[in-house]
Structure formats: C-alpha cells, structure tokens
Amino acid sequence: MFGLFHFLCIVTCVAASKQIYGMCPGTSFYIPRSLAYDPEMSDLYFTPQSPSAKAVMVLNKTQPTDDHYKFKDQTLFISELRETDTGIFSWGVDVNFHTVLKLVIKDCTMPQVVGFGQPLKLKVPHEASILEFVHPSSPNRGEVLWNTSSSYDDVSKGVIQESYWMVRAATTADMGSYTFRKQSGAEVSKTQVTITANVQAFNMDEELYGSGIWGTNLQIPDHEISVVFSPQPGEEYRIVSGGTQTDEGKRLFEDRIRLRGSPNAFILELDDIQRSDAGRYQFFDKDGILVALRILRTYQQTYYMYLLALIPVVLLILLGVCVWKCCCNKGKSRTPSAPAATARQCHAAL
C-alpha cells in the first residue's frame, strides 16, 4: 500500500513540477539541491522508467545504498551516468516528498556516413579504454575491437594510427554502432556508421568502341557479389550472381565479360566496348545491399548533355539582340532626322 502511494505521489509531483533533465551517457550529474531538503532527515528514492518498476532507496539520509551513487556537496552525485539511470528521483520523509525531478538519458549517438570502399576513421578519446562494435544484424551481440591493454597486433579489426581507429576500405560489414567506453564500462562516445553505395560515372569515347576495355574493382569477396545491369529505366538483368556470370549475362555480353576475384576482392572487366553496353551496373553484396553503382555513358549522351547546357546561353543572347533592336527602332521613330542621336541611344542600350 505504501509503495503504491509512493508511486502516485511521485507521478503527481513530476506532473506538477515538470523538472526534466536530459543527459548523455557517461557524463556526471548532481541532483539539484532544494531548500526543503534536509539530508539529515530525508531519504532519496529512484523509480526506473518502467511500468512495473518500484521505488528504490538510493540515499539513506547521507549514506549511499549503491556504489553507483555518492553523497557530495550535500546532495546526490553520479559520476558516470548509465542508460539505466532514466527515471524519477524524489526526496522524501515518510510519505512527504519535497523535491522531484525526472532524469532522461538521451541517445547522444553521432551519425557518420562513409562511402563503400572509402576510409572509416574514428577519433579515440583520451579517456577511452575500450572500443565496442555492434552490427545491425546482431544487435544483442557486441564485439570488442580494441582496448588499451592490447598490443597493436591484437586489434581484431582496423588499425590504431595517430589517435584514430581506422579501416582503410569500409564495407557493409563495418556499418553499425561504435562505442568508446572507459575501463569501468561507462560510455564516452558513440557513433552510428552508415555505409552508402560508391557511385562513379564513366564516359565511353567513340575510339574505344569494338576495341576498348572497361573495368571496375571492389573490396568484397568475389563469391558474395551480384551485378544487375540496367540499359535503360525499367529494364534489369542479373548478369553476375555469387561471383559467377549468369546465363542472362552470357546472352547479353557473350564472352566479353571477364570476372576475376579473390577472398577479398572482385574485378569485372568488359572487353570490346559496344554502344549497347551503356547503362547502370549495380553491385550488391550477399545481403542484397547496394554497395556500388557504375554508370557507363556513351559519347553521344555526354555530347547531348553539353548541348542542352548551352541552350539557356543561346536564348539569353537572342533575347539581348531583340531588346537592342527594339530600342534602336524606337529611337529611329522618335528622331528620324538625327542619326547621331539614334546611334547614341543604340550604344546606350548595348
């Protein structure tokens, strides 16, 4: 009965006071002091943010009931906030509560976008002792990539170089959450890394038709790669699957496709380039994630793009000529016997 009354009092007080503090994990926090609070007479309770959570005493007068809390400067002090610190703190003497606040541990994750195959770099905070990694496919299973007690060779992924942890060529296996922690486990910083498709465009020159070679390579195991070719919008043909050319690829390109690979890389080469080879080449990993896009454009396509870009310039020139002629004609109609004045008016219009 007392517990229910205590919870109702807390909810009522929070609704009335609306004292809400948002903090990042790993930071320190003082419970604001209240004139109504006497630490010699009052206790401090904490109610976690959960429908079935019960109030727990964290300060028995001035004595902390858990090592996570300290009594400092006549109030409660938390040196390193954790995700579990979200909840309601209340001062109380019996059932009378004098000071109430709600503490919210915010998600202070910093986003970082890296192109496939590009370097991934994370600054190592000076107070960090551990780097923890969680991949989206295994959200409940973290992996320690580095800690201060490990030697250089013990880094399970990436390298430590000039106060940075880095991967020289990021792949989809590197996307996920990276958390630097202190030796105590407190969070120092958190970064959410997203890997986007690497996009490149190539122009095919006319002199290469029938003899030229075009190729591209990716840092991904050859048996995990699939390639989809789109000659125009709405048309898609899977020409490579699991690192092997498909029947569709053989029908479209015959024996002009050459595939080379290794456990860490994949190379696609196209011999004797034809105009029909123009289009979009999409590269997918084993999970169906787009990791690279190569756009092969014909010489004519590039030429027309430049031609279209010149159209506004030509229109502006024509408009200027029309305005100039209009001004000259008006000048002539006003002073037909004064050619010098008309010339001056045309010069001014220009």
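Here the sequence shown stands for residues -16 to -1, 1 to 334, numbered as in mature numbering (1 follows the signal peptide of the UniProt record, and there is no 0).
Glycine included, C-beta positions come from ideal geometry on N, C-alpha and C.
Would a C-beta distance cut-off of 9 Å place residue i and residue j closer than the cut-off?
| i | j | result |
| --- | --- | --- |
| G263 | P205 | no |
| T70 | L87 | yes |
| G10 | K166 | yes |
| Q203 | A249 | yes |
| D269 | T156 | yes |
| V108 | F164 | yes |
| M159 | P120 | yes |
Using 8 Å for Cβ pairs, my map puts residue i next to residue j. What's the rounded Cβ distance?
| i | j | result |
| --- | --- | --- |
| L65 | F73 | That pair is no contact at about 12 Å. |
| E238 | R222 | Wrong, their Cβ atoms sit about 16 Å apart, outside the cutoff. |
| I197 | E253 | 6 Å |
| V212 | Q266 | 4 Å |
| G99 | N182 | 5 Å |
Quick one: using the 10 Å Cβ neighbour count with 16 as the cut-off for buried, is residue i buried or exposed?
| i | result |
| --- | --- |
| P217 | exposed |
| Y14 | exposed |
| M308 | Here residue 308 turns out to be Trp, not Met, going by the sequence shown. With fewer than 16 Cβ atoms within 10 Å of its Cβ, W308 is classed as exposed. |
| G199 | exposed |
| V275 | buried |
| P226 | Checking the sequence shown, residue 226 turns out to be Gly, not Pro. Exposed is the call here. |
| L28 | buried |
| S173 | buried |
| A261 | First, the amino acid is wrong: residue 261 is Asp here, not Ala. Label assigned to D261: buried. |
| M94 | exposed |
Closer than 6 Å by C-beta to residue i: which residues in its own chain qualify, once you throw out the five before and the five after it? Chain order, please.
| i | result |
| --- | --- |
| E127 | F117 |
| S147 | V108 |
| P247 | P205 |
| V151 | L104, G142, D158 |
Sorted by chain position, which residues of the same chain lie with C-beta nearer than 8 Å to residue i's C-beta, five sequence neighbours on each side aside?
| i | result |
| --- | --- |
| Y53 | V42, L43, L60, F61, I62 |
| V298 | none |
| F55 | P23, L43, T46, Q47, P48, F61 |
Taking 7 Å as the limit between beta carbons, can you name the residues of its chain near residue i, skipping five residues before and five after?
| i | result |
| --- | --- |
| V97 | T178, T180 |
| S133 | none |
| K90 | G6, M7, C8 |
| G76 | S26, D27, Y29 |
Practice task
Could you name each continuous beta strand (DSSP E) segment of 3 residues or more that falls completely within the segment 217 to 256, going from the start of the chain to the end?
Solution key: Whole beta strand (DSSP E) segments, 3+ residues: 221 to 225, 241 to 246, 249 to 254.
Handout entry: Residue ranges of each beta strand (DSSP E) within the segment 46 to 72, 3 or longer
Key = Whole beta strand (DSSP E) segments, 3+ residues: 54 to 56, 59 to 62.
Handout entry: Secondary structure, beta strand (DSSP E): runs of 3+ residues fully inside the segment 162 to 215
Key = Segments of the beta strand (DSSP E) lying fully in the segment 162 to 215: 171 to 180, 182 to 188, 198 to 202, 210 to 214.
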